[in-house]
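Chemist: First the structure, which I've put down as structure tokens, then a few questions once you've had a look.
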Amino acid sequence: MQNQTLFAFKALDPANPSGSPAPKPVVQLRAFTRRFSNNTVLDSIDLEIGEGEFVALLGRSGSGKTTILRTLAGLDTVSEGEVKLPSARAVVFQEPRLLPWKRVWNNVLLGLEPKALGGAKAARTLAQKALSEVGLDHRADAWPSTLSGGEAQRAALARALVREPKLLLLDEPFASLDALTRIKMHALVASLWQAHKPAVLMVTHDVDEAIALADRVLILAEGKLIVERRVDLPRKRQPGQPGFAALRRYFLEQLGVEAEDETQQHAVAKEIILGS
Ligand SMILES: Nc1ncnc2c1ncn2[C@@H]1O[C@H](COP(=O)(O)OP(=O)(O)OP(=O)(O)O)[C@@H](O)[C@H]1O
Ligand SMILES: [Mg+2]
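What follows is the structure, given as structure tokens:
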């Protein structure tokens, strides 16, 4: 059985040395270690996520990002260290994981008892409302196989939303989408987050995505959180705004990736957006 309890306490936020009041933590990992046989993937990790805080987690493939996320989702066992989580949690994975034999609105309600939601009619209304928040109410009766990749991820987001999570976990949710759809999904996630204010942990490989959305960015390497940096840029964030490029360079350097030539990046972006 997992070591999880609801909790309330005041803590210092190491990424917020300014002294402004840290939000109450909804997640706390203390000396959390995860091994698979003799492979230590996470090595005594300490992590707190505040109420309503948006945290992005970067790291190379195999560094243990999904392992952390699965722990925060309550999907993995905790045998070393302490893990405290809120009970209302929801996860969106890279693939939407919709059941093909259930219509979209039924997928949104998956695992929820209509009775507990006030009956069948109220449940349907709830699903419809969540779908409308992600711009998909017109596809409520569709089968999942008829949705585009972006629409399917919207349905997965609606399924997460309907649970009113205190903690929303996103594991590379936009990785399989094309660049333009991804940008639209960023705007959607930002507005859903502003409206519902869950704490978010978003795993991503995309440094720009992390800077665009997060209050704080973490980098995981060799079992440790080697970077924990607040992003203080004003929202709505754009790659061209002052400070964005410097942060991108910093994170890429920490990831051990050479920043691409920026002129080349702009050329690629122009090509994607203008088709030229
Ligand atoms: N159930 C498991 N059994 C054995 N090893 C595992 C298991 N789950 C994960 N691992 C190992 O733990 C390490 C971290 O895996 P994890 O999936 O967390 O990486 P990741 O950072 O999410 O990678 P990616 O970016 O490719 O998704 C990998 O070496 C992986 O092989
Ligand atoms: Mg992963």
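Note that the sequence shown covers residues 435 to 710 in this note's numbering.
Using N, Cα and C, we set each Cβ at its ideal position, and we do this for glycine too.
Treat the numbers as computed from the prediction; the structure is a model and nothing was measured.
How many angstroms separate the CA atom of lysine 658 from the CA atom of alanine 557?
Modeler: For lysine 658 and alanine 557, the distance between alpha carbons rounds to 43 Å.
Chemist: Kindly indicate which three-state DSSP category serine 478 falls into: helix, strand or coil?
Modeler: Of the three classes helix, strand and coil, the one that applies to serine 478 here is strand, per DSSP.
Chemist: Report the three-state DSSP secondary structure of proline 459 (helix, strand or coil).
Modeler: The answer is strand: DSSP assigns proline 459 an E or B state.
Chemist: To the nearest whole angstrom, what separates the beta carbons of tryptophan 539 and alanine 507, a pair I think is in contact under 8 Å?
Modeler: With 8 Å as the limit, tryptophan 539 and alanine 507 do not qualify as a contact, their Cβ atoms being about 24 Å apart.
Chemist: Do you know how far the Cα of phenylalanine 466 is from the Cα of valine 542?
Modeler: Spanning the two alpha carbons is a distance of roughly 33 Å.
Chemist: Looking only at DSSP bridge pairs, what is isoleucine 617 linked to?
Modeler: For isoleucine 617, which the question treats as bridged, DSSP gives no partner whatsoever.
Chemist: Would you check if the distance between the CB atom of isoleucine 660 and the CB atom of glutamine 688 is smaller than 8 Å?
Modeler: Their beta carbons are under 8 Å apart, which means isoleucine 660 touches glutamine 688 by this criterion.
Chemist: Using the three-state DSSP reduction, which class does glutamate 662 fall into: helix, strand or coil?
Modeler: Correct three-state label for glutamate 662: strand.
Chemist: Can you have a look at serine 434 and say buried or exposed, based on whether 16 or more other CB atoms are within 10 angstroms of its CB?
Modeler: Only positions 435 to 710 of the chain appear in this structure, which leaves residue 434 out of reach.
Chemist: Going by beta carbon distance, what residues of the same chain come within less than 6 Å of isoleucine 707, once the five residues before and after it are set aside?
Modeler: Because the pLDDT of isoleucine 707 is 46, which lies under 50, any placement of that residue in the model is unreliable, and the question is left without a value.
Chemist: Contact defined as beta carbons within less than 8 Å: I believe alanine 590 pairs with leucine 532. What is the distance between those atoms, to the nearest angstrom?
Modeler: Confirmed, Cβ separation roughly 7 Å.
Chemist: On the three-state DSSP scale, how would you describe phenylalanine 441?
Modeler: Confidence is the limiting factor: at phenylalanine 441 the pLDDT is only 36, short of 50, which leaves the residue's position unreliable, though a coordinate-based value still follows. Phenylalanine 441 falls in the coil class under three-state DSSP.
Chemist: From the DSSP output, which residues share a beta bridge with threonine 467?
Modeler: Per DSSP, Glu514.
Chemist: Whose C-beta lies closer than 6 Å to the C-beta of arginine 468 among residues of the same chain, with five residues either side of it excluded?
Modeler: Cβ within range, chain order: Val475, Leu476, Thr501.
Chemist: If you run the structure through DSSP and keep just helix, strand and coil, what is valine 542?
Modeler: The answer is helix: DSSP assigns valine 542 an H, G or I state.
Chemist: Suppose contacts are defined by Cβ-Cβ distances below 8 Å. Is leucine 611 in contact with glutamine 587 by that definition?
Modeler: In contact: leucine 611 and glutamine 587 (Cβ atoms closer than 8 Å).
Chemist: Locate the alpha helix (DSSP H) running through glycine 569, then write down its first and last residues.
Modeler: Counting along the chain, glycine 569 falls outside any alpha helix (DSSP H), and DSSP gives it neither H nor E.
Chemist: Alpha carbon to alpha carbon, how far is glutamine 675 from leucine 654? Give it in angstroms, no decimals.
Modeler: For leucine 654 and glutamine 675, the distance between alpha carbons rounds to 26 Å.
Chemist: Along the chain, which unbroken stretches of the beta strand (DSSP E) at least 3 residues long are found entirely within the region 590-644?
Modeler: Counting only runs of 3 or more, we get 601-605, 633-637.
Chemist: Among Arg597, Arg464, Ala524, which has the Cα closest to the Cα of alanine 550?
Modeler: Cα-wise, what sits closest to alanine 550 is Arg597.
Chemist: With DSSP run on the structure shown, which of helix, strand or coil describes phenylalanine 488?
Modeler: Strand at phenylalanine 488.
Chemist: Taking 7 Å as the limit between beta carbons, can you name the residues of its chain near alanine 564, skipping five residues before and five after?
Modeler: Within the same chain, alanine 564 has close Cβ partners Val542, Ala592, Leu595, Val596.
Chemist: Considering only residues of the same chain and omitting the five flanking positions on each side of phenylalanine 527, which have a CB-CB separation below 6 Å?
Modeler: For phenylalanine 527, where only same-chain residues beyond five positions count, the Cβ hits under 6 Å are Asp605.
Chemist: Would you call the region 566-576 and the region 479-490 touching, i.e. three or more CB-CB distances under 8 Å?
Modeler: No, the region 566-576 does not touch the region 479-490.
Chemist: Considering only residues of the same chain and omitting the five flanking positions on each side of lysine 631, which have a CB-CB separation below 6 Å?
Modeler: Correct list, in chain order: Gly486.
Chemist: Can you say whether lysine 600 is buried or exposed, counting buried as having 16 or more other CB atoms within 10 angstroms of its CB?
Modeler: Result: buried.
Chemist: What does DSSP give as the partner residue(s) for valine 525 in the beta ladder?
Modeler: Beta-bridge pairing links valine 525 to Leu603.
Chemist: Assign aspartate 649 to buried or exposed, taking buried as 16 or more other Cβ atoms, counted over all protein chains shown, within 10 Å of its Cβ.
Modeler: Buried is the call here.
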